[in-house]
Amino acid sequence: MDNIIAQLPKLAKEKQNENKKFFAKLRKKPPKELDYMMRDLHEAEFQRTDCLKCANCCKTTGPLFTNSDVERIAKHYRMKPQKFVETYLRIDEDQDYVLQSVPCTFLGADNYCSIYEVRPKACREFPHTDRKKFQQISNLTMKNVAICPAAYNIVEEMKKLLANK
Ligand code: SF4
Ligand code: SF4
């Protein structure tokens with residue numbers, strides 16, 4: 001897995017133009033069955049992928065924390081939400097709460113998340129490859145394929161499946 005992660009930024013860069021064209025076409029005319037197709041591709045890929053051998057999302061990019069994430073995780077630590085924010089978070093250029101630093105503070109050396117049950121919504125949903133109307137997050141996906149081997153593979157599979165549509 002480490003090998004794949006190390007190569008991923010280069011591989012994603014090589015696919016950048018192809019992916020841009022693919023997603024531009026997909027946004028213009030998304031196939032009717034896209035939501036079902038994404039769900040199947042996502043499930044198949046994550047049956048093969050062991051996130052505990054990777055954790056590259058937790059190591060290189062942090063989630064954003066919604067107010068309800070902050071309240072839920074602060075409660076888990078029996079902290080006041082404001083104290084949780086001061087201790088772990090900062091506000092980014094989009095005025096969102098994000099981690100003060102990466103790798104994520106809550107990631108263990110064994111790649112387990114210490115707040116897994118109460119982790120932010122963005123962590124639960126990453127890399128968003130099973131979300132509905134997937135074509136609407138193509139810019140985000142083009143960034144995620146450089147971070148997440150599963151997202152990279154899913155996009156490659158999508159291109160093969162939709163090549164003749
Ligand atoms: S979601 Fe992607 S980047 Fe995160 S641990 Fe799983 S395979 Fe790795
Ligand atoms: S909160 Fe947990 S799942 Fe989310 S980035 Fe941190 S370690 Fe990863």
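In terms of UniProt numbering, the sequence shown has 154 at position 154, counting the first letter as 1, and numbering is strictly consecutive.
Cβ atoms here follow ideal geometry from the backbone N, Cα and C, with glycine treated the same way.
Helix, strand or coil for residue i per DSSP?
| i | result |
| --- | --- |
| Phe-65 | strand |
| Ile-91 | strand |
| Val-98 | strand |
| Leu-162 | coil |
| Cys-113 | strand |
Give every residue of the same chain whose Cβ lies closer than 6 Å to the Cβ of residue i, excluding the five residues on either side of it in the sequence, and list them in chain order.
| i | result |
| --- | --- |
| Asn-111 | Leu-52 and Ala-55 |
| Asn-144 | Pro-127 and Ala-151 |
| Cys-123 | Pro-63 |
| Met-142 | Asn-19 |
Going by Cα to Cα distance, which pick from the options is closest to residue i?
| i | options | result |
| --- | --- | --- |
| Met-1 | Val-155, Cys-148 and Asp-94 | Cys-148 |
| Pro-81 | Lys-25, Ser-138 and Phe-65 | Phe-65 |
| Leu-162 | Met-37, Gln-16, Tyr-88 and Thr-61 | Met-37 |
| Glu-86 | His-76, Asn-3, Val-98 and Ala-12 | Val-98 |
| Lys-160 | Lys-28, Asn-17, Phe-22 and Asn-3 | Phe-22 |
| Lys-132 | Asp-35, Asn-17 and Cys-57 | Asp-35 |
| Asp-92 | Phe-134, Thr-61 and Asp-50 | Thr-61 |
| Glu-125 | Ile-4, Asp-96 and Cys-58 | Cys-58 |
| His-76 | Tyr-116, Asp-96, Arg-90 and Gln-47 | Tyr-116 |
| Gln-95 | Asn-67, Ile-4 and Lys-10 | Asn-67 |
| Thr-49 | Lys-29, Lys-10, Ile-4 and Leu-140 | Ile-4 |
My guess is that residue i and residue j are in contact by the Cβ rule of under 8 Å, so how many angstroms apart are they, rounded?
| i | j | result |
| --- | --- | --- |
| Gly-108 | Ser-101 | Incorrect: roughly 16 Å between the Cβ atoms, too far for contact. |
| Leu-26 | Ser-138 | 7 Å |
| Ala-6 | Ala-146 | 12 Å between Cβ atoms; not a contact. |
| Arg-72 | Val-118 | 5 Å |
Please list, in chain order, all residues of the same chain as residue i whose beta carbon is under 7 Å from its beta carbon, the five residues on each side excluded.
| i | result |
| --- | --- |
| Lys-42 | In the sequence as presented, Lys is not what sits at residue 42; that position holds His. Cβ within range, chain order: Thr-129, Asp-130 and Ile-154. |
| Asp-69 | Pro-120 and Lys-121 |
| Phe-134 | Leu-34 and Met-38 |
If I measure Cβ to Cβ from residue i and keep anything under 8 Å in the same chain, skipping five residues before and after, which residues do I get?
| i | result |
| --- | --- |
| Glu-45 | Thr-129, Ala-150, Asn-153, Ile-154 and Glu-157 |
| Thr-105 | Tyr-88 and Leu-99 |
| Arg-90 | Tyr-97, Val-98, Leu-99 and Gln-100 |
| Glu-14 | none |
For review: beta carbons within less than 5 Å of any heavy atom in ligand 2: Here the residues come out as Cys-58, Cys-104, Phe-106, Leu-107, Cys-113, Arg-119 and Cys-123.
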